[in-house]
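All the letters of the sequence shown, read from the start, carry residue numbers 16 to 354 under our numbering. Ideal Cβ positions, reconstructed from N, Cα and C, are used throughout, including at glycine. Structure, as structure tokens:
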Amino acid sequence: MMKAAVLTAYGEPLEIREVPSPEPGPGEVLVRVAGVGVCHSDLTVVSGRSNIIERLPAVLGHEIAGQVAGLGRGVTGLREGEAVAVFGAWGCGRCFYCLRGDEQACDQTRWVGHGPAGGYAEYLLVPAARHLEPVGDLDPAEAAALTDAGLTPYRAVRRALPRLTPGSTAVAIGIGGLGHFGLQYLKLLSTARVVAVDTSPPARRLAARLGADAVAGDAEEAVEAVSDLTGGGGADAVLDFVGSTATMELSVRVVGRFALIVNVGLGGGVLSYSPYGFPAEVDLTTAWWGGRSDLREVVALARENRLTPSLERYPLMDINEVLARLAAGEVEGRAVLLP
Ligand code: ZN
Ligand code: ZN
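Here it is in structure tokens:
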């Protein structure tokens, strides 16, 4: 048996229960969960605002790292006790998207913690060894956070890099779990000046510590900061880690001509389009999680100590308090449970 935090009814607290510990079948791998990040999207699932999970009761948690605890028949290339991060989009493994490493875009993808039981538990069953990325002696809490909070903004920043030539300006909206990694990638991988925008004072302090060139607390301050840095021309790339209607509208206000907006956050916003409401030839795109090679690259950055994640650590028992802190905007960076 093992402990797990179980969602039994929408809108109710998760229940810590004893449930059967899974056994790895042929080709499967059992992972002892050492760290599992608490993602904003879990709030929308728990409250019932999102119906993306397959059934109740459910064990959520899609941002997971741990140690290999059992190998099913036929699994090679991993050893028991090895530290791994879990790539959480489990596709068919054979289609065009899976073959290019983008299982998150596969038609048949099942997301750990949304159908297959997730990481809010002591053990996790992983259906194939290819979903596991060795992380060496990386801190398990950091390794966990890399698989979503660290991965998705990496994909977004990579999409923006061709625009971020010397002298350019980028805007990062929302310096939370994802955005605080995104800001670091912008500073590490480009020479762009970065304007960080967040309404929460702790997030703005975090942005300043991480090297933001300007920090803004609301839309008006952001418009002014971008105008100052660009001589009124607008930003070369805007990364929206929130995705609310307000942040999408702000993206359009601060973006420059021929520039790029990357919508990352799943904040449920809607942006209305009119050719007169946008600067000339703006590209608007999305970043949909990240691929397996992206995960390998963020793990490499972390193992070289190039990242400074802001992590709050809690025992699994505290899951409901952590969800409440997240809902109240009190988490600085990412909250990670250590089951
Ligand atoms: Zn997530
Ligand atoms: Zn596929």
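Counting C-beta pairs closer than 8 Å gives fewer than three between the segment 160–167 and the segment 291–298, which falls short of the contact rule. When rounded, the separation of the alpha-carbon atoms in Pro-35 and Val-238 is 54 Å. Within its own chain, the residues whose Cβ lies closer than 6 Å to the Cβ of Leu-286, once the five positions on either side in sequence are excluded, are Met-263, listed in chain order.
Taking the C-beta atoms as reference points, Leu-201 is found no nearer than 8 Å to Ala-317.
Taking all protein chains shown into account, Pro-131 has 16 or more neighbouring C-beta atoms within 10 Å of its C-beta and is therefore buried. Looking only at Leu-198, Glu-235, Pro-216 and Asp-213, the smallest Cα-Cα distance to Ala-252 is reached by Leu-198. In the pairwise beta carbon analysis, the segment 336–351 is classified as touching the segment 47–64: at least three pairs are separated by under 8 Å. With 16 or more neighbouring CB atoms inside 10 Å of its own CB, Ser-325 falls in the buried class.
Each of Cys-54, Ser-56 and Asp-163 has a C-beta closer than 5 Å to some heavy atom of ligand 1; these make up the full list, in chain order. Under the 10 Å beta carbon count, Asp-243 is surrounded by fewer than 16 other beta carbons and is classified as exposed.
Annotation: Tyr-288 to Val-267 spans about 10 Å, alpha carbon to alpha carbon. The beta carbon of Arg-272 sits closer than 6 Å to the beta carbons of Pro-294 and Ala-295 from its chain, once the five residues preceding and following it are set aside; these are given in chain order. Between the alpha carbons of Val-101 and Tyr-112 lies a distance of about 18 Å.
In this structure, Val-48 lies away from Val-99, with their beta-carbon atoms at least 8 Å apart. Approximately 20 Å separates the beta-carbon atoms of Asp-117 and Gly-280; this is outside 8 Å, ruling out the contact. Ala-218 and Gly-192 have their C-alpha atoms some 10 Å from each other.
Taken from the Cβ of Tyr-200, every heavy atom of ligand 2 lies 7 Å or farther away.
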